[in-house]
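**Q** If you're matching them up, the sequences are chains A and B in order.
For this note's numbering, count along the first sequence from 1 and bump the result up by 6.
For this note's numbering, count along the second sequence from 1 and bump the result up by 1.
Got a structure for you, questions after.
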Amino acid sequence: MAEAVLKIFRGTSEGGATAEYRVPVAPGMVVLDALHHVQKHAAPDLAVRWNCKAGKCGSCSAEVNGRPRLTCKTRMDSLPQDQAITILPMKSFPVIKDLVTDVSWNYKVNKKIPPFTPRPGADWKFSQADIDRVQEFRKCIECFLCQNVCHVVRDHGKQEQFGGPRFFVRVAGLEMHPLDGLSRTKLLKDELGIGFCNITKCCTEVCPEGIHITDNAIIPLKERVVDDFYDPVLRLVRKIRGAGKAADH
Amino acid sequence: MNGKYETHEHDVLIIGAGGAGLRAAIEALTQGARVAVVCKSLLGKAHTVMAEGGIAAAMANVDQADNWRVHFRDTMRGGKLLNNWRMAQIHAQEASDRVRELEQWGALFDRTEDGRILQRAFGGHTFKRLCHVGDRTGLEMIRTLQDRGVQMGFDVYMECAVTRLLKDGERIAGAFAYWRENGRFVVFKAKSVVLATGGIGKAWPITSNSWEYTGDGMALAYEAGADLMDMEFVQFHPTGMVWPPGVQGILVTEAVRGEGGTLRNRSGERFMERYDPRKMELSTRDVVARAIYTEVKEGRGTEHGGAFLDISHKPPEYVKRKLPSMYHQFLELADVDITKGPMEVGPTCHYMMGGVKVEAETAAASVAGLFAAGEAAAGLHGSNRLGGNSLSDLLVFGRIAGLAATEHAKKTAMPTIDAGQVEAAEREMLAPFERKGGESPYTVHADLQDTMQKLVGIFRTEDDLRSAMTQIAKLKERSQRLAVSGSRMFNPGWHLSRDLQAMLTVSEAVTRSALARRESRGAHSRIDYPNLDAAWGKQHNLIANRSGNMELRQTPVIDMPEELKLLVAEEKGAA
Ligand code: SF4
Ligand code: SF4
Ligand code: FES
Chain A
7 MAEAVLKIFR
17 GTSEGGATAE
27 YRVPVAPGMV
37 VLDALHHVQK
47 HAAPDLAVRW
57 NCKAGKCGSC
67 SAEVNGRPRL
77 TCKTRMDSLP
87 QDQAITILPM
97 KSFPVIKDLV
107 TDVSWNYKVN
117 KKIPPFTPRP
127 GADWKFSQAD
137 IDRVQEFRKC
147 IECFLCQNVC
157 HVVRDHGKQE
167 QFGGPRFFVR
177 VAGLEMHPLD
187 GLSRTKLLKD
197 ELGIGFCNIT
207 KCCTEVCPEG
217 IHITDNAIIP
227 LKERVVDDFY
237 DPVLRLVRKI
247 RGAGKAADH
Chain B
2 MNGKYETHEH
12 DVLIIGAGGA
22 GLRAAIEALT
32 QGARVAVVCK
42 SLLGKAHTVM
52 AEGGIAAAMA
62 NVDQADNWRV
72 HFRDTMRGGK
82 LLNNWRMAQI
92 HAQEASDRVR
102 ELEQWGALFD
112 RTEDGRILQR
122 AFGGHTFKRL
132 CHVGDRTGLE
142 MIRTLQDRGV
152 QMGFDVYMEC
162 AVTRLLKDGE
172 RIAGAFAYWR
182 ENGRFVVFKA
192 KSVVLATGGI
202 GKAWPITSNS
212 WEYTGDGMAL
222 AYEAGADLMD
232 MEFVQFHPTG
242 MVWPPGVQGI
252 LVTEAVRGEG
262 GTLRNRSGER
272 FMERYDPRKM
282 ELSTRDVVAR
292 AIYTEVKEGR
302 GTEHGGAFLD
312 ISHKPPEYVK
322 RKLPSMYHQF
332 LELADVDITK
342 GPMEVGPTCH
352 YMMGGVKVEA
362 ETAAASVAGL
372 FAAGEAAAGL
382 HGSNRLGGNS
392 LSDLLVFGRI
402 AGLAATEHAK
412 KTAMPTIDAG
422 QVEAAEREML
432 APFERKGGES
442 PYTVHADLQD
452 TMQKLVGIFR
462 TEDDLRSAMT
472 QIAKLKERSQ
482 RLAVSGSRMF
492 NPGWHLSRDL
502 QAMLTVSEAV
512 TRSALARRES
522 RGAHSRIDYP
532 NLDAAWGKQH
542 NLIANRSGNM
552 ELRQTPVIDM
562 PEELKLLVAE
572 EKGAA
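Here's what the structure looks like:
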C-alpha cells in the first residue's frame with residue numbers, strides 16, 4: 007500500500023512546529039482519515055475537530071498544503087503524491103492546540119445580529135422562487151473557512167470592526183427572507199463593517215458549500231446600505247411605498 | 002468542594018445541543034428558567050446537522066387525507082406495537098405545530114405550488130409527510146434553533162464534556178464535567194437535568210454517526226440509577242456508503258428512495274419484490290436493511306458488498322435540486338455521478354430506539370429531577386423508527402422535557418452536592434494519566450467495535466450474543482487499565498478513555514437485552530427465533546444498575562385505549 011508523509015502542526019498558543027507522520031493510503035481516503043490514523047497509531051493526543059466526516063458540519067477546517075479546506079472532503083489522491091502533505095491550523099484564529107483553533111470570535115459576531123422578525127400579519131405562504139436565493143445562504147455549515155481567508159481578518163486583524171463573509175451570508179439570509187420585516191443595514195454599516203470588504207472574492211473561492219458569497223450576499227447588501235444611507239431619495243421612495251423595511255435607525 | 006472547582010448554578014442543565022437539547026433550552030427559557038446547555042462540540046455541530054430527509058408531521062399540505070391518526074398508526078405499526086402509545090399519540094398530534102413554529106422562527110422549507118411547506122414520501126409513512134429542505138433538513142433545523150436560543154440568551158458551555166451526574170440523596174443535583182480546551186474540571190449545580198445526548202452508533206465501526214455518539218446520556222443515567230429500556234433495538238439504516246473504504250457507513254438519505262430511487266442487486270433484479278412487494282423500496286428500514294444484507298450474504302451483492310441504489314432515471318436537474326448533498330457526496334468522495342449511474346449502498350448503524358425510560362407526558366426518567374429527550378430516550382419508536390420521526394421527536398419531546406424540567410425546578414430547592422462525589426469523579430478522570438504502560442483507548446475501542454459488528458449486528462443468535470457478553474466482560478477489564486499520554490489540553494485520547502466507558506455500558510445493555518428477547522421484532526432479528534412472539538410483544542426489557550451490577554428485568558407494555566387499538570388495526574388508507 008502507498009504511504010503518505012504528513013507534516014502536522016503540533017503545538018499550542020505558546021508555539022510549536024510541524025511533526026512528521028507516515029500513514030498508509032487506502033483508496034478514497036481523505037485527509038481527516040489520515041489524521042485519525044495518526045491519532046490511533048502515533049499521537050493519541052493530536053487535537054483535531056470533526057463531527058460528520060461528510061462535509062455537513064463544518065468542524066474539520068484546516069490549511070492543507072496552504073489551502074484552507076475541509077479535511078473530510080479533501081481526498082488524499084487529489085494531493086501531490088511525491089511530497090509531504092502539510093496540515094496547519096486555520097491561520098486567522100488563535101491556536102488552542104494542534105489543529106484546533108479558538109473560533110469564539112465568530113460566535114460573538116453572531117450574537118450581534120437581530121433575529122428573523124416576521125412582518126405582522128404574514129400568512130406564511132410564499133413560492134419556491136421567492137426563497138431559492140435565501141436557501142443558498144442557509145446552506146452555510148459554519149466552517150469559517152471564508153472568515154479565515156478574508157484579508158480584512160487574516161492580514162488586517164479587524165475582528166473588532168468587521169463581521170466577516172460568514173455573517174454577511176447570514177444577514178443576507180435574514181434580509182432577503184420574504185417575510186422578514188427588519189432592516190439590518192445600520193448594523194452592516196456600523197458594526198459589521200461591510201465597507202471594509204473590497205470584493206476580492208477570496209471567501210467565495212473557499213466556500214465548500216459553493217455559496218456565491220460575494221455576488222449573491224455581499225454585493226446586494228452593500229447596495230442596500232448605499233440605498234439606505236447614501237441615497238435619501240430612494241430611501242424615501244421605499245418608505246412611502248412601504249415595500250421596504252422599517253429601518254432600525 | 003468550596004472554591005476548589007469552577008462551579009455554575011442553573012435551574013435547568015441541558016446536556017447536548019442537538020435538536021432535542023436546543024428545543025428543550027428554548028422552552029425552559031420561555032418558562033423563565035435559568036438555563037445552561039453543555040455540549041461536547043461547538044454549538045451547531047451536533048449530530049442533528051446530519052439529518053437529511055425531513056421532519057414527519059401530518060400537515061396534509063400535499064396529501065389532504067393525512068392527519069395525526071394516520072401518522073400515529075404508521076408509527077405504531079413501524080415500531081411493531083412496542084411503542085409507548087401515549088408518546089406516539091402526543092408526537093403525532095404535536096409535530097405539525099412544532100414544524101410551524103420552526104418556520105415562524107425563520108426556517109425555510111421547500112414549498113408546494115401554492116406556497117406551503119412541501120412534504121415528501123418516506124418509508125412506512127402512508128402519505129407524503131416529510132417537511133424538508135432538499136437533503137439538509139437537519140442543518141436548517143439546528144441553525145434555526147441555535148439562533149433562537151442565542152437570541153433568547155442561554156448560557157452555552159461548548160466543548161465541555163459531562164462525565165458524571167451528581168446527586169443529592171435520591172434526586173439529581175447536577176453534573177461533573179471538564180473543559181476540553183484546558184482539561185479543567187467544572188461542577189454544574191442544577192435542580193433539573195435534561196439528557197439530550199443522542200445515540201450510540203460509535204460502538205460499531207460501520208456507522209452514520211459522529212464521534213459524539215457514544216451513549217453518554219444513557220450511561221450517565223444508568224450510573225445515576227435510572228432505568229434504560231428497549232436497548233436491544235438498534236436501527237441499521239439500509240443505505241450507507243460502502244465504497245471507498247474511508248467513507249464506509251456515511252449516510253445515503255432515504256430521500257433518494259422517497260424521490261423514486263430503486264434498489265437492485267448485481268443481476269439487476271429489483272429484489273424488494275421478494276421482501277415487501279407492496280411497499281417495495283419504501284418499506285420500513287428494518288425490512289430494507291435485512292433485504293440488502295441477505296442479498297449480499299447470498300452472493301447477489303455488488304462488487305464492494307452492497308446493493309445498487311439508482312435515481313439516474315430522474316432528470317439530472319431534479320436530482321441535483323432535491324438531493325444536492327448526495328450528489329456532491331458521491332461525486333467528491335466516491336467519483337460517482339448519481340445523475341448518471343447507481344450508488345453502491347449497504348446497511349450502517351444509524352439510530353438507537355432504546356434509551357432512558359421516560360414518562361410520556363413529562364419526559365421524566367426514573368430518578369427525580371432527571372429528564373431525557375430525543376434519541377437518548379426510549380419509547381416513541383418501539384422496535385423500529387420510521388424515517389422522519391426523529392426530527393419531529395426532537396422537537397416534540399425536547400419541548401416537553403424543557404417544560405417539565407422547568408416545572409420541576411420551580412418547586413424544588415437548589416440541591417447540595419457533597420465533596421465526596423465530586424472528588425471521586427475527578428479521581429476517575431485522572432486515573433488514566435497516572436497509569437504507566439496501560440493500553441491505548443483506541444485499541445480497546447477498535448476491539449469493541451469489532452465485537453459489536455460481528456456479534457451484535459443486524460442478525461443475531463444466542464451463540465453470538467453469548468460470546469459478545471464474554472468479549473465485553475474482557476473489554477471492561479481492559480478498560481480499567483487504560484493509559485493516556487500528553488497533557489489534559491484538548492486531548493482526544495483522554496476523552497476517548499471516558500467515552501469508552503459509556504460505550505461499554507450501553508454495549509452490554511444492548512447485548513443483554515438482545516439475548517433475553519427470544520423473538521424477532523422490528524430492528525431486532527434473531528436467526529434462532531425468526532418470528533414475532535405474542536408474549537414478548539407485551540414486554541419491554543429494562544436495564545438498571547444494582548450496586549454496580551447490570552440487572553435485566555421486564556416490564557409490561559402499557560395497554561392502549563380501545564379506540565386506538567381499533568385505529569391501529571384499521572386497514573383504511575394504510576401504507
Ligand atoms: S470578498 Fe470581501 S468578505 Fe470576501 S474575502 Fe474579499 S474582502 Fe473578505
Ligand atoms: S459561507 Fe461557506 S465558507 Fe463561509 S462559513 Fe459558511 S460554508 Fe463556510
Ligand atoms: S467533519 Fe463535518 S465537515 Fe468535515
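We treat Cβ as the ideally placed atom computed from N, Cα and C, and that holds for glycine.
Just so you know, these numbers come straight off a predicted model, no measurement behind them.
Leaving out five residues before and five after residue 409(B) in sequence, what residues of the same chain have Cβ atoms less than 7 Å from its Cβ?
**A** Taking the second sequence and counting its residues from 1, one reaches residue 409(B) at position 408. Counting only Cβ-Cβ distances below 7 Å, and skipping sequence neighbours, we find 192, 193 and 370.
**Q** Given a threshold of 16 other Cβ atoms within 10 Å of its Cβ, counted over all protein chains shown, does residue 555(B) qualify as buried or as exposed?
**A** The residue given as residue 555(B) occupies position 554 in the second sequence. Exposed.
**Q** Please name the residue in 282(B), 287(B), 452(B) and 321(B) whose C-alpha comes closest to that of residue 309(B).
**A** Taking the first residue of the second sequence as position 1, residue 309(B) is located at position 308. Of 282(B), 287(B), 452(B) and 321(B), the residue nearest in Cα terms is 282(B).
**Q** Do you know whose CA, among 206(A), 77(A) and 182(A), lies nearest residue 132(A)'s CA?
**A** The count along the first sequence starts at 1 and reaches residue 132(A) at position 126. Selected option, being the one with the closest Cα: 182(A).
**Q** For ligand 3, is there any heavy atom lying closer than 6 Å to the beta carbon of residue 59(A)?
**A** Taking the first sequence and counting its residues from 1, one reaches residue 59(A) at position 53. Under cutoff, so the answer is yes.
**Q** Determine the direct distance from the alpha carbon of residue 9(B) to that of residue 190(B), and round the result to whole angstroms.
**A** Taking the second sequence and counting its residues from 1, one reaches residue 190(B) at position 189. Taking the second sequence and counting its residues from 1, one reaches residue 9(B) at position 8. C-alpha separation (whole angstroms): 6 Å.
**Q** Grouping DSSP H, G and I as helix and E and B as strand, with all else coil, what is residue 338(B)?
**A** Looking up residue 338(B) in the second sequence gives position 337. In this structure, residue 338(B) counts as coil in the three-state DSSP scheme.
**Q** Counting along the chain, where does the beta strand (DSSP E) carrying residue 10(B) start and finish?
**A** By 1-based counting over the second sequence, the position of residue 10(B) is 9. 7 to 16 is the span of the beta strand (DSSP E), which, as asked, contains residue 10(B).
**Q** Give the interface partners of residue 106(B) over in chain A, defined as CB-CB distance under 7 Å, in chain order.
**A** On the second sequence, position 105 is the one that residue 106(B) refers to. Those are 122, listed as they occur along chain A.
**Q** Between residue 34(A) and chain B, is the shortest Cβ-Cβ distance under 7 Å, so that the two count as touching?
**A** Taking the first sequence and counting its residues from 1, the one referred to as residue 34(A) is at position 28. True, the Cβ-Cβ gap to chain B drops below 7 Å.
**Q** Identify the continuous alpha helix (DSSP H) that holds residue 139(A) and give its terminal residues.
**A** Start at 1 with the first residue of the first sequence, and residue 139(A) comes out as number 133. Residues 134 to 143.
**Q** Hey, is residue 451(B)'s beta-carbon within less than 7 Å of any beta-carbon in chain A?
**A** Locating residue 451(B) in the second sequence gives position 450, where the first residue counts as 1. No, residue 451(B) does not count as interfacial toward chain A.
**Q** Could you tell me the alpha carbon to alpha carbon distance between residue 27(A) and residue 51(A), rounded to whole angstroms?
**A** Along the first sequence, read from residue 1 onward, the residue named residue 27(A) stands at position 21. Along the first sequence, read from residue 1 onward, the residue named residue 51(A) stands at position 45. Those two C-alpha atoms are separated by around 14 Å.
**Q** Pop quiz: residue 62(B) and residue 119(B) are said to be a contact at Cβ under 8 Å. What is the actual Cβ separation, rounded to whole angstroms?
**A** As a first step, residue 62(B) must be located in the second sequence, where it is residue number 61. As a first step, residue 119(B) must be located in the second sequence, where it is residue number 118. With a Cβ gap of about 7 Å, residue 62(B) and residue 119(B) count as contacting.
**Q** Under 8 Å: do the region 333 to 349 of chain B and the region 151 to 158 of chain B share three or more Cβ pairs, one atom per stretch?
**A** Counting Cβ pairs under 8 Å, fewer than three are found: no touch.
**Q** Heavy atom of ligand 2 less than 6 Å from the Cβ of residue 99(A), yes or no?
**A** Within the first sequence, numbered from 1, the residue matching residue 99(A) stands at position 93. No, the beta carbon of residue 99(A) sits no closer than 6 Å to any heavy atom of ligand 2.
**Q** Beta-carbon within less than 8 Å of residue 568(B)'s beta-carbon, same chain only, minus the 5 sequence neighbours each way: which residues are those?
**A** One-based indexing of the second sequence puts residue 568(B) at position 567. 70, 73 and 74.
**Q** Once the 5 residues before and after residue 84(B) are set aside, which same chain residues still bring their CB inside 7 Å of it?
**A** Translated into the one-based positions of the second sequence, residue 84(B) becomes position 83. Excluding positions up to five away in sequence, the list reads 76, 77, 380, 381, 382 and 383.
**Q** Count the other CB atoms within 10 Å of the CB of residue 138(A); is the residue buried (16 or more) or exposed (fewer)?
**A** Indexing the first sequence from 1 puts residue 138(A) at position 132. So residue 138(A) counts as exposed.
**Q** Any beta carbon from chain C within less than 7 Å of residue 331(B)'s own beta carbon?
**A** The displayed structure is made up of protein chains A and B, and chain C is not among them.
**Q** Check whether the Cβ of residue 437(B) sits closer than 6 Å to any heavy atom of ligand 1, and report yes or no.
**A** Stepping through the second sequence from its first residue, residue 437(B) is reached at position 436. Answer for residue 437(B): no, Cβ out of range of ligand 1.
**Q** Tell me whether residue 253(B) sits in a helix, a strand or coil according to DSSP, three-state version.
**A** Locating residue 253(B) in the second sequence gives position 252, where the first residue counts as 1. DSSP places residue 253(B) in coil when its eight states are reduced to three.
**Q** Where in the region 207 to 257 of chain B do unbroken runs of the alpha helix (DSSP H), each at least 4 residues long, occur, reported from the N-terminal end onward?
**A** Fully enclosed alpha helix (DSSP H) runs of 4 or longer: 217 to 224.
**Q** Please classify residue 244(B) as buried or exposed, where buried requires at least 16 other C-beta atoms within 10 Å of its C-beta.
**A** Taking the second sequence and counting its residues from 1, the one referred to as residue 244(B) is at position 243. By the neighbour-count rule (16 or more Cβ atoms within 10 Å), residue 244(B) is buried.
**Q** Is residue 213(A) near ligand 3 - that is, is its Cβ less than 6 Å away from at least one heavy atom of it?
**A** Residue 213(A) sits at position 207 when you count from the first residue of the first sequence. For ligand 3, not one heavy atom lies less than 6 Å from the Cβ of residue 213(A).
**Q** Please determine whether the Cβ atom of residue 217(A) lies at a distance below 6 Å from any heavy atom of ligand 2.
**A** The residue you call residue 217(A) lines up with position 211 of the first sequence. Checking the Cβ of residue 217(A) against ligand 2 gives yes.
**Q** Using a Cβ-Cβ cutoff of 9 Å, what residues of the region 150 to 172 of chain A are near chain B? List them in chain order.
**A** Correct list: empty, as no residue qualifies.
**Q** Please determine, among 44(B), 17(B) and 12(B), the residue with the shortest C-alpha to C-alpha distance to residue 33(B).
**A** By 1-based counting over the second sequence, the position of residue 33(B) is 32. Of the candidates 44(B), 17(B) and 12(B), the one whose C-alpha sits nearest the C-alpha of residue 33(B) is 12(B).
**Q** Rounded to whole angstroms, what's the CA-CA distance from residue 452(B) to residue 117(B)? Just pull it up for me.
**A** Walking along the second sequence from the start, residue 452(B) turns up at place 451. Walking along the second sequence from the start, residue 117(B) turns up at place 116. Roughly 48 Å separates the two Cα atoms.
**Q** Which residue comes first and which comes last in the beta strand (DSSP E) that contains residue 90(A)?
**A** Indexing the first sequence from 1 puts residue 90(A) at position 84. Taken as a continuous stretch (DSSP letters only), residue 90(A) belongs to no beta strand (DSSP E), as it is neither H nor E.
**Q** Could you tell me which of 127(A), 67(A) and 148(A) sits nearest to residue 264(A), measuring between CA atoms?
**A** Since the displayed chain A opens at 7 and closes at 255, residue 264(A) lies outside it and no answer follows.
**Q** Helix, strand or coil: which one does DSSP assign to residue 238(A)?
**A** By 1-based counting over the first sequence, the position of residue 238(A) is 232. Residue state, collapsed to three classes: helix.
**Q** To the nearest angstrom, how far is it from the Cα of residue 494(B) to the Cα of residue 292(B)?
**A** Your numbering for residue 494(B) matches position 493 in the second sequence. Your numbering for residue 292(B) matches position 291 in the second sequence. Approximately 38 Å, taken between the alpha carbons.
**Q** Where residue 63(A) and residue 149(A) are concerned, what is the direct C-alpha to C-alpha distance, given to the nearest angstrom?
**A** In the first sequence, counting from the first residue as 1, residue 63(A) sits at position 57. In the first sequence, counting from the first residue as 1, residue 149(A) sits at position 143. Going by the C-alpha atoms only, they are around 7 Å apart.
**Q** With DSSP collapsed to three states, give me the class of residue 146(A).
**A** In the first sequence, residue 146(A) corresponds to position 140, counting from 1. DSSP places residue 146(A) in coil when its eight states are reduced to three.
**Q** Can you look up residue 50(B) in the DSSP assignment and give me helix, strand or coil?
**A** Position 49 of the second sequence, counted from the start, is the residue given in the question as residue 50(B). Three-state result, residue 50(B): helix.
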